[in-house]
Amino acid sequence: MKNILIIGAGWLGFPLAQTLTTLGHTVFITRRSQEALESLDFAANRKWPLDLNHPDARQQLSHHLNTKKFDVVIGCFPPGFRKGQGDEYAQHWQLVVDALSSSPATKVIMISSTTVYPNRAEKMVEDAASLAIAQNNSQFSDKARIMLQAENALVQSGHPFTILRLSGLIGPQRHPARFVAHLKQVSRLAPANMLHQYDAVNAAVFAVTHADDQILNVTTPRTVDKATFYQSALEAAGMPEALPEIVDVADKEIRAEKLLSLGFKFHYQSTLDALSLTNESTKG
Numbered sequence: 001m002k003n004i005l006i007i008g009a010g011w012l013g014f015p016l017a018q019t020l021t022t023l024g025h026t027v028f029i030t031r032r033s034q035e036a037l038e039s040l041d042f043a044a045n046r047k048w049p050l051d052l053n054h055p056d057a058r059q060q061l062s063h064h065l066n067t068k069k070f071d072v073v074i075g076c077f078p079p080g081f082r083k084g085q086g087d088e089y090a091q092h093w094q095l096v097v098d099a100l101s102s103s104p105a106t107k108v109i110m111i112s113s114t115t116v117y118p119n120r121a122e123k124m125v126e127d128a129a130s131l132a133i134a135q136n137n138s139q140f141s142d143k144a145r146i147m148l149q150a151e152n153a154l155v156q157s158g159h160p161f162t163i164l165r166l167s168g169l170i171g172p173q174r175h176p177a178r179f180v181a182h183l184k185q186v187s188r189l190a191p192a193n194m195l196h197q198y199d200a201v202n203a204a205v206f207a208v209t210h211a212d213d214q215i216l217n218v219t220t221p222r223t224v225d226k227a228t229f230y231q232s233a234l235e236a237a238g239m240p241e242a243l244p245e246i247v248d249v250a251d252k253e254i255r256a257e258k259l260l261s262l263g264f265k266f267h268y269q270s271t272l273d274a275l276s277l278t279n280e281s282t283k284g
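Position 185 of the sequence shown, counted from 1, bears residue number 185 in full-length UniProt numbering, the numbering being contiguous throughout.
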């Protein structure tokens with residue numbers, strides 16, 4: 001069993017912490033504020049506030065790392081693009097890498113995103129995106145480059161690592177039917193690249209003991225087009241809303257063959273299977 005630190009025990013990080021604890025690992029967690037931590041049912045001596053924007057963040061993190069001697073550190077903090085943030089995401093990852101400088105054997109797992117891929121209607125495997133490829137390439141968004149800068153900081157650090165590029169997340173309190181109101185259009189030719197929280201958690205658990213020095217896509221193996229997916233989501237949630245304008249615009253399809261080849265097994269084999277969420281998924 002391993003000593004594990006999860007930086008960012010939020011919607012994904014906290015159930016990951018619970019799962020790893022159930023499996024017998026010793027898990028510590030952080031959130032940005034003490035108030036956020038107090039809402040989590042977790043051992044008081046194994047949860048700490050850590051705001052990566054704080055001037056003393058590196059010193060605080062280094063103290064915890066040197067005190068507890070973690071086998072694995074999992075960075076599960078989002079870039080914050082939806083909140084108009086994100087520019088500092090690569091800096092946050094550089095801070096984490098620098099804080100780990102005295103712990104060269106510690107494995108680092110990065111929860112990244114398929115945002116890194118270029119705007120091309122192709123099947124996307126892991127080699128299709130890197131910082132070197134994205135430089136001066138207009139097919140990569142600014143967000144993609146920020147994410148790739150963060151990934152590169154970890155790859156170049158010398159630490160054992162696994163980078164998990166997650167596709168669009170769904171699950172409890174994140175039912176995809178709720179996304180429809182924010183969509184201007186949906187395409188019959190664009191794949192719905194989606195991933196249930198349950199499989200995202202299990203992929204991170206898998207990475208604790210597998211896939212050293214690997215970058216891996218994590219997305220439900222079989223999917224349908226976005227129009228079909230969101231219509232099915234509305235029906236599954238019993239919501240009367242209609243889809244926005246339906247268009248015929250092709251888009252990228254994320255592929256997870258590399259992860260599957262390492263022996264990982266998805267619980268949800270198709271995105272339509274993943275819609276069989278509990279009623280709790282549409283609450284909150």
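Every residue gets a Cβ at the ideal spot worked out from N, C-alpha and C, and that includes glycine.
#1: Residues in the same chain with beta-carbon distance under 8 angstroms from K258, minus the five sequence neighbours each way, listed in chain order, please.
#2: Which term fits A200, buried or exposed, when burial requires 16 or more other beta carbons within 10 angstroms of its beta carbon?
#3: Just list the residues that DSSP pairs V73 with in beta bridges.
#4: If we call anything under 9 angstroms between Cβ atoms a contact, is A177 one with Y230?
#5: Please report the distance separating the alpha-carbon of A132 from that of E35.
#6: For V249, is the classification buried or exposed, using 16 other Cβ atoms within 10 angstroms of its Cβ as the cut-off for buried?
#7: Going by alpha carbons, who is nearest to K265 out of A207, E235 and A227?
#8: Using DSSP's beta-bridge definition, name the partner residues of M124.
#9: Count Cβ pairs between the segment 98-115 and the segment 144-163 that sit closer than 8 angstroms; are there 3 or more?
#10: Tell me which residues share the same chain as F179 and place their Cβ nearer than 6 angstroms to its Cβ, disregarding the 5 neighbours each side in the sequence.
#11: If you measure between the beta carbons of A203 and L166, is that distance less than 9 angstroms?
#12: Using the Cβ count rule (16 or more neighbours within 10 Å means buried), how would you classify Q94?
#13: Measuring CA to CA, which of D87, F28, P160 and L52 is closest to T67?
#14: How many Å lie between N279 and M239 at the Cα?
#15: Count the other C-beta atoms from every protein chain shown that fall within 10 angstroms of the C-beta of G75, then say buried if there are 16 or more, exposed otherwise.
#16: Please classify I254 as buried or exposed, where buried requires at least 16 other C-beta atoms within 10 Å of its C-beta.
#17: Count Cβ pairs between the segment 178-194 and the segment 58-65 that sit closer than 8 angstroms; are there 3 or more?
#18: Compute the Euclidean distance between the alpha carbons of E241 and H175, then round it to the nearest angstrom.
#19: Is the beta carbon of L243 closer than 9 angstroms to that of L183?
#20: Let me check understanding here. Comparing Cα to Cα, which of L272, A150, K47 and T114 lies closest to R222?
#21: For I6 and G13, which I take to be in contact (beta-carbon distance under 8 angstroms), what is that distance rounded to the nearest angstrom?
#22: So the alpha helix (DSSP H) F81 belongs to, where does it begin and stop?
#23: Just confirm the distance between the C-beta atoms of T30 and A9, as a whole number of angstroms; I'd bet it's less than 8 angstroms.
Quick answer:
#1: Around K258: V125, E126, Q214, L216 and N217.
#2: Around the Cβ of A200, a 10 Å sphere holds 16 or more other Cβ atoms; the residue is buried.
#3: L5 and V108
#4: Taking 9 angstroms as the Cβ cut-off, A177 and Y230 qualify as a contacting pair.
#5: 40 angstroms
#6: It counts as exposed.
#7: A207
#8: I254
#9: yes
#10: Apart from the 5 residues on each side of it in sequence, F179 has no Cβ closer than 6 angstroms to any other Cβ in its chain.
#11: yes
#12: With 16 or more other Cβ atoms within 10 Å, it is buried.
#13: F28
#14: Here N279 scores only 41 on pLDDT, less than 50, and its place in the model is too uncertain to base an answer on.
#15: buried
#16: Answer is buried; the Cβ neighbour count reaches 16.
#17: no
#18: 14 angstroms
#19: Yes. Within cutoff.
#20: Ranked by how close their Cα comes to the Cα of R222, the residues L272, A150, K47 and T114 have L272 in first place.
#21: 5 angstroms
#22: Counting along the chain, F81 falls outside any alpha helix (DSSP H), and DSSP gives it neither H nor E.
#23: 7 angstroms
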